[in-house]
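Notes follow once the structure below has been shown.
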Amino acid sequence: MKKIVFWHYIALIALLSLSAFFSSAETAMFSISTLKLQHLVEKNERGAQIILNLRKKSHKLLITILIGNNLVNISASALASVVAIELFGSKGLGLAIGVLTFLILVFGEIMPKGYATKNNVKLALRYAPIFRVLVILLTPFVWILDVITRLFTGKSTGKPSVTTEELKSIIRVGEKEGAIKARERDMIYKIFRFTDIEVKTIMTHRTNIVAMDVNLKLKQILQIIEDSGYSRLPIYEDRIDNIIGIIYVKDILKQFGTKRKQKKFNIRKLLRPAYFIPESKNVDDLLREMQKKKTHIAIVVDEYGGVSGVVTLEDVIEELVGEIYDETDIPERHIRKIKENTFSISGNTTIDNVNESLKINLPKRAGIDTVAGLVLDDIGRMPKKGDVITFRNVRIQVMKTIGLQITKLKITKKAKKAIKTIS
Numbered sequence: 022m023k024k025i026v027f028w029h030y031i032a033l034i035a036l037l038s039l040s041a042f043f044s045s046a047e048t049a050m051f052s053i054s055t056l057k058l059q060h061l062v063e064k065n066e067r068g069a070q071i072i073l074n075l076r077k078k079s080h081k082l083l084i085t086i087l088i089g090n091n092l093v094n095i096s097a098s099a100l101a102s103v104v105a106i107e108l109f110g111s112k113g114l115g116l117a118i119g120v121l122t123f124l125i126l127v128f129g130e131i132m133p134k135g136y137a138t139k140n141n142v143k144l145a146l147r148y149a150p151i152f153r154v155l156v157i158l159l160t161p162f163v164w165i166l167d168v169i170t171r172l173f174t175g176k177s178t179g180k181p182s183v184t185t186e187e188l189k190s191i192i193r194v195g196e197k198e199g200a201i202k203a204r205e206r207d208m209i210y211k212i213f214r215f216t217d218i219e220v221k222t223i224m225t226h227r228t229n230i231v232a233m234d235v236n237l238k239l240k241q242i243l244q245i246i247e248d249s250g251y252s253r254l255p256i257y258e259d260r261i262d263n264i265i266g267i268i269y270v271k272d273i274l275k276q277f278g279t280k281r282k283q284k285k286f287n288i289r290k291l292l293r294p295a296y297f298i299p300e301s302k303n304v305d306d307l308l309r310e311m312q313k314k315k316t317h318i319a320i321v322v323d324e325y326g327g328v329s330g331v332v333t334l335e336d337v338i339e340e341l342v343g344e345i346y347d348e349t350d351i352p353e354r355h356i357r358k359i360k361e362n363t364f365s366i367s368g369n370t371t372i373d374n375v376n377e378s379l380k381i382n383l384p385k386r387a388g389i390d391t392v393a394g395l396v397l398d399d400i401g402r403m404p405k406k407g408d409v410i411t412f413r414n415v416r417i418q419v420m421k422t423i424g425l426q427i428t429k430l431k432i433t434k435k436a437k438k439a440i441k442t443i444s
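For the record, in the sequence shown the residue sitting at position 212 is 233 according to our numbering, with numbers rising by one throughout.
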């Protein structure tokens, strides 16, 4: 009798050890993040690829662990009952259940799972080959239980293992620990937002487009090119909404050099096809299309086919890396005080900015954001230097233009209100 009871004790210890094994395996195998696991695979850690393969069918791995753990715990309960009856008779059954429950809870659940939480990578890598075999051996039982489970829980939704918010949290932690710099964080965040940005939010508005009429003379074209500093310009016929192509400055210079007088000059022969896109196009898609088409400029059109603006490859890239200045860009203040109540502003200064900075009240109109756009809307024709409009006690004068674009304006705040005029 004593010999039998002794071997029962040994078996109970073995079953408790197996319970600890399955419990620690569950914690270790499922507590490793997907990013960490992928990193281990890239480092060629032994067992990492096995874990990754098992995690691809995580429900099968979990069922295998639960089958093993429950079989072990049930066996331990049965054996403990036998030992208790042998030692104390039927009265010892309740005692055996109580003691075994405590032992399984402490040594089969709490302790192994606590240890596995702190050493999940080390344990998971060691357990991986064992569970690859167990999953295969228990496949028939796993399949039956998997089918039953799906009847009640439904199929997996296929949610991503890592969400954008989780990645952002990782980035924030990396920044706090010094692994990621603030500028790198900003660029990564911009990449996340990149797919949600529409072209209309980054385009140059039609009021600020530098474009040329197809009937201009070579001298006029060269002057606009020189003033604008752009290497690609839209060409229109009669009106800005009728863009017929794009002219590359290099094509003009290649054929005519800097000569301003040519008897036979036909800009139509140098035009390249214009690439038209809707306002709602995503900038991520636009970047891919520009790369595919090998183009650097696109014409943005609204739902009625009218020209809304233009967008360049540089505009798109700036959404990722920030403002890009080349040798022709001269950073300047949008609003500069000339004298008391008189200010010089760039044409693309927003109405909100001017109203707030100068404490004035220029009107807001649908689809118009800049002061230049407001002036163009009132003038209703091609602007020229010296054009003046007046809003209440504010006088706005056009100081410089390039084609259809108003590049510089002068604002004068007057003491007395005046009736709006156009000259």
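A virtual CB, placed ideally from N, CA and C, is assigned to each residue, including glycine.
Item: Helix, strand or coil: how does DSSP classify D399 here?; Value: helix
Item: Hey, could you find the ends of the alpha helix (DSSP H) A99 is sitting in?; Value: S79 to F109
Item: Which ranges would you report for the alpha helix (DSSP H) in the region 374–435 if only whole runs of at least 4 residues count?; Value: 392–400
Item: DSSP puts E219 in a beta bridge; with which residues?; Value: N303
Item: Taking the C-alpha atoms as reference points, what is the distance between Y269 and M420?; Value: 28 Å
Item: Since E258 is in the beta strand (DSSP E), which residue starts that stretch and which ends it?; Value: R253 to E258
Item: Which residue from G368, G388, R357 and L395 puts its Cα closest to that of S378?; Value: R357
Item: May I have the straight-line CA-CA distance separating I351 from T422, to the nearest angstrom?; Value: Unreliable positioning characterises I351 in this predicted model, as indicated by a pLDDT of 44, which lies under 50. A coordinate reading is not provided.
Item: Would a C-beta distance cut-off of 8 Å place L307 and V342 closer than the cut-off?; Value: no
Item: Between the region 76–96 and the region 39–51, are three or more C-beta pairs nearer than 8 Å?; Value: yes
Item: Using only alpha-carbon positions, find the residue among L291, E258 and N263 that is nearest to K271.; Value: L291
Item: Tell me the residue span of the alpha helix (DSSP H) that contains G115.; Value: G113 to L124
Item: Should P255 and A295 be called a contact, given that it needs their Cβ atoms to be closer than 8 Å?; Value: yes
Item: Could you give the first and the last residue of the continuous alpha helix (DSSP H) run that contains F364?; Value: First-last for F364: T363 to S367, but that is the beta strand (DSSP E), not the alpha helix (DSSP H).
Item: Spatial neighbours of T316 within its chain, please: C-beta separation below 6 Å, excluding the five flanking residues on both sides.; Value: Y296
Item: Assuming V328 and I223 form a contact by the criterion Cβ under 8 Å, report the distance between their Cβ atoms to the nearest whole angstrom.; Value: Contact doesn't hold; Cβ gap of about 16 Å is too wide.
Item: Rounded to whole angstroms, how far is the Cβ of I242 from the Cβ of I288, which I believe are closer than 8 Å?; Value: 7 Å
Item: Just curious, the beta strand (DSSP E) that A319 is in, first and last residue?; Value: I318 to V322
Item: Output the distance between the C-alpha atoms of K78 and L58, rounded to the nearest integer angstrom.; Value: 15 Å
Item: Compute the Euclidean distance between the alpha carbons of A32 and A145, then round it to the nearest angstrom.; Value: 26 Å
Item: Cα separation between N362 and K434?; Value: 5 Å
Item: So, using beta-carbon positions, are T391 and N369 closer together than 8 Å?; Value: yes
Item: Could you tell me which residues DSSP puts in a beta bridge with T333?; Value: I318
Item: Out of A232, A149, D408 and G401, point me to the one whose CA is closest to G266's CA.; Value: A232
Item: Let's see if you can read the secondary structure: which residues bound the beta strand (DSSP E) around I356?; Value: I356 to K360
Item: Look at the Cβ atom of V220, then the Cβ atom of I320, and state whether they are nearer than 8 Å.; Value: no
Item: Suppose you measure from the CA of K405 to the CA of N382; what does that come to, to the nearest Å?; Value: 24 Å
Item: Looking at C-beta atoms only, is the number of pairs between the region 139–153 and the region 112–122 that lie closer than 8 Å three or more?; Value: no
Item: Is the distance from the Cβ of T446 to the Cβ of G394 below 8 Å?; Value: No answer is possible for residue 446: the residues shown for the chain start at 22 and end at 444.
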